[in-house]
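Letter by letter, the sequence shown follows residues 2 to 511 of my numbering.
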Amino acid sequence: MFPRPVLFINPKASLLSWPSPPRAVEPLGILCTAAAFRERGVETSIIDLDLHNNHEHLLRTLRLGEFGLVGIAMTSQMQVWDGFRVARDVKCMCPNAEIVVGGIFATMNSQWILDTCPEIDGVCRGEGEMLAHCYVDDPGPLSRLPNVLDRSELSVLTSAPRLPKYAATMDEYPWPARDLLPTVLRRGELPSIVTSRGCGATCSFCAIPAFSGMLWRMRSPSRIVDEIRQLHQDYGARRFHLIDDNLFGHTDESYRKAMQLLDDLAAMPEDLKFRAACRFDDLTSEALAKVKASGITLLKLGVETLGEATQRHYHKLLPEDLVAGRMQDILRAGIGISLGFIMFDPFCDLASVRRNFEFLLAFPDCWSRHLLRSRLEAYAGTAIEQRIWKAGLGLSRSAFGTRWKFQDEEVNAFHDRFEQAARSVLLPVEWNFYYVWQQNANERAGLTHELSPADLREIDGRIRVLSTELFKQALANQNPLPSNSLTQSAAELQAELESLVQGVDCYAVH
């Protein structure tokens, strides 16, 4: 008998206490897995609750469908609680469906998920595409599926866990399903293209090595170019986000393949533009020239910190002069930069915080204001989590990682001072801006008038100025904190945002 239909669900990401403007991003994990099932002839549906926020549509789909397998994305901890709620609804309305969750968070916390949510039948560890073949050709219990651990295997999780399996080459996989792309494009975002998976670096804070086993695989450049051409032809897309953990990989062979891809992108029509991510170490003069010629207009680059002590803990040694020089070269080439930075970590001192802040001020167009509040996320199972406990700085441990304390009392006092002031003055502004941005994306529902992208950038820039000035005042131990003028500026911006909203209490909405 042919397998029953399959449903894949992307849960709504839980908002943290401090919001950031919502983005419309394709959930490539379930889209790639869905494509593999469709390639095998399985009727497959996709619902994205984060993109459409329509739980009623999910309930109607469950009521009308007869699904044999339901996959729920659990890529990050922000999806966990809505993912559990979705699993309960699925089990209630489709009691015979097998429920499997997957993603980085699910892979690294398999036992906790199965212990915590009885409605979930199994966890897919690693890539999901490999499930499709066995689902069609080998009916039976979940444990038969590659990379899936079900409740019968809970004991192996604490003894000898079965390692995820990966295809030898990514060219074995079909292109991802694009059911959600029209909505993404309508909201001004970019289609995502998977060019490679994995990273061979040893950054202690990163969960990618634990997920991919230090394995780096790249698709054939010709396959990537063909997919870009198809998306341009079918959807009119002209800008693309190249999704890589590390574009250049970590071997001579991977570097050669990446350089070939850049040459192939350069041969495409000039109006096609790209964004990508890579490491500073890989940006030789030759590589930068090819990046510029390829049409890449923005590079995501992780600095994390300039504090030498923390760099050693992170296994990521980047001299400041090298970073600054490379960034100046990139900017002179006309390529934008989006920096990854971790302002606060357990090992930092006040001197390194000042140094990081001054570095960011020297490159004002290369970072988001949210970096000023960024704290190290010590994910469960990462090397940095072990280092924190070894240093006696861990406070509590859970599936969501380790809560930690600062070893430096000066940093602790500064952080508390800055956070308290930011929450009193900036947090109300941030929530109103979040609501305005969200409603503007939803065809201006609840707003007095439409805001252009330039309008939103202007508001974002004003909040950034306030955030930067507050950080500066906190570093100077200024009293009062915030200053009266900063408080007044924040109040004026808050009033402007409230005037855009038609009688809606933004706090009540969330």
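Think of the CB as a built atom: it goes at the ideal place given N, C-alpha and C, for glycine as much as any other residue.
This one's a predicted model, so the numbers in the text were calculated from it and none came from an experiment.
With 16 other Cβ atoms within 10 Å as the buried cut-off, status of residue i
i: VAL185; result: buried
i: CYS367; result: buried
i: LYS406; result: exposed
i: PRO119; result: exposed
i: HIS314; result: buried
i: ASP51; result: buried
i: ASP512; result: This structure gives no information on residue 512, because the portion of the chain shown stretches from 2 to 511.
i: VAL466; result: exposed
i: SER453; result: exposed
i: GLU520; result: Given that the chain is displayed from residue 2 to residue 511, the structure contains no residue 520 and the question cannot be resolved.
i: LEU115; result: buried
i: CYS512; result: A question about residue 512 goes unanswered here, because the residues of the chain that appear run from 2 up to 511.
i: ALA268; result: exposed
Among the options, the one whose alpha carbon lies nearest that of residue i
i: GLN489; options: ALA477, LEU448, GLU459, LEU427; result: LEU427
i: GLN479; options: THR34, GLN80, ARG418, GLY123; result: ARG418
i: LEU362; options: GLY103, ASN443, LEU299, GLU470; result: GLU470
i: SER399; options: SER453, TRP432, GLN387, VAL466; result: GLN387
i: PRO12; options: MET344, LEU143, VAL71, THR383; result: VAL71
i: ARG1; options: ALA414, GLU411, VAL412, ALA381; result: Residue numbering for the chain in the displayed model covers 2 to 511; residue 1 lies beyond these limits and cannot be assessed.
i: GLY402; options: ASP253, GLU459, GLN312, GLN78; result: GLN78
i: TRP432; options: PRO22, VAL226, ALA14; result: PRO22
i: VAL437; options: ALA496, GLY30, ALA74, VAL412; result: ALA496
i: SER223; options: VAL91, VAL195, PHE206, LEU467; result: VAL195
i: ASP283; options: LEU300, LEU181, ALA178, GLN231; result: LEU300
i: ALA98; options: PRO142, GLU57, CYS135, ILE385; result: PRO142
i: ASN516; options: ALA14, GLU44, PRO28; result: Here the chain has residues from 2 to 511 only, and residue 516 is not among them.
i: ASP122; options: ASP139, ILE100, ASP116; result: ILE100
i: ASP172; options: MET131, GLU411, ASN413; result: MET131
i: CYS207; options: ARG230, ALA379, VAL412, GLU411; result: ALA379
i: PHE472; options: GLU420, GLY462, TRP82, LEU115; result: GLU420
i: PHE345; options: ARG374, THR298, ALA352, PRO20; result: ARG374
i: PHE80; options: CYS33, ILE10, HIS58; result: The sequence given here has Gln at residue 80, not Phe. Nearest of CYS33, ILE10, HIS58 to GLN80, Cα basis: ILE10.
i: ASP330; options: ILE209, ASN357, GLU359, ALA290; result: ALA290
i: ARG280; options: MET269, ALA259, ASP272, PRO270; result: ALA259
i: MET109; options: LEU498, THR383, LEU262, ASP350; result: THR383
i: ALA352; options: TRP390, ASN413, LEU332; result: ASN413
i: LEU448; options: VAL502, PHE415, ALA491; result: VAL502
i: ASN443; options: LEU396, ILE229, ARG188; result: ARG188
Three-way DSSP call (helix, strand, coil) for residue i in this model
i: ASN11; result: strand
i: ILE343; result: coil
i: LYS301; result: strand
i: GLU451; result: coil
i: LEU273; result: coil
i: MET219; result: strand
i: ALA310; result: helix
i: ARG5; result: coil
i: ARG280; result: coil
i: LYS291; result: helix
i: TYR136; result: helix
i: LEU427; result: coil
Own chain, CB closer than 6 Å to residue i, minus 5 neighbours either side, in chain order
i: ARG240; result: LEU191, LYS274
i: SER197; result: MET219, ASP245
i: THR203; result: HIS316
i: GLU321; result: LEU307
i: GLY103; result: CYS125, GLY129
i: SER18; result: none
i: GLY84; result: PRO12, ILE73, MET75
i: GLU40; result: PRO175
i: ASP180; result: ILE47
i: SER193; result: GLU27, LEU29, HIS242, ILE244
According to DSSP, residues forming a beta bridge with residue i
i: GLY512; result: Lying outside 2 to 511, the shown extent of the chain, residue 512 is not represented and no answer is given.
i: VAL43; result: Note: VAL43 sits in no beta bridge, so no partner.
i: ASN194; result: According to the sequence as given, residue 194 is Ile; it is not Asn. Looking at the DSSP assignment, ILE194 forms a beta bridge with LEU243.
i: LEU150; result: VAL124
i: ASP49; result: ASN11
i: GLU99; result: LEU70
i: ALA379; result: THR403
i: VAL502; result: LEU448
i: GLY337; result: LEU299
Spatial neighbours of residue i in its chain, beta-carbon cut-off 8 Å, leaving aside the 5 residues before and after
i: GLY66; result: PRO6, LEU8, SER46, CYS95
i: LYS293; result: ALA334, GLY335, ILE336
i: ALA161; result: Because the pLDDT of ALA161 is 40, which lies under 50, any placement of that residue in the model is unreliable, and the number read from its coordinates should be weighed accordingly. Result list for ALA161: empty, nothing under 8 Å.
i: VAL514; result: Any answer about residue 514 is impossible in this case: the structure gives the chain only from 2 up to 511.
i: TYR236; result: ARG179, LEU182, PRO183, LEU186, PRO192
Same chain only: Cβ atoms within 7 Å of residue i, ignoring 5 sequence neighbours per side
i: GLY30; result: ALA74, THR76, GLY103, GLY104, GLY129
i: VAL304; result: LEU319, VAL324, LEU340, GLY341, PHE342
i: CYS135; result: ARG145, LEU146, PRO147
i: ALA422; result: LEU471, ALA475, LEU482, PRO483
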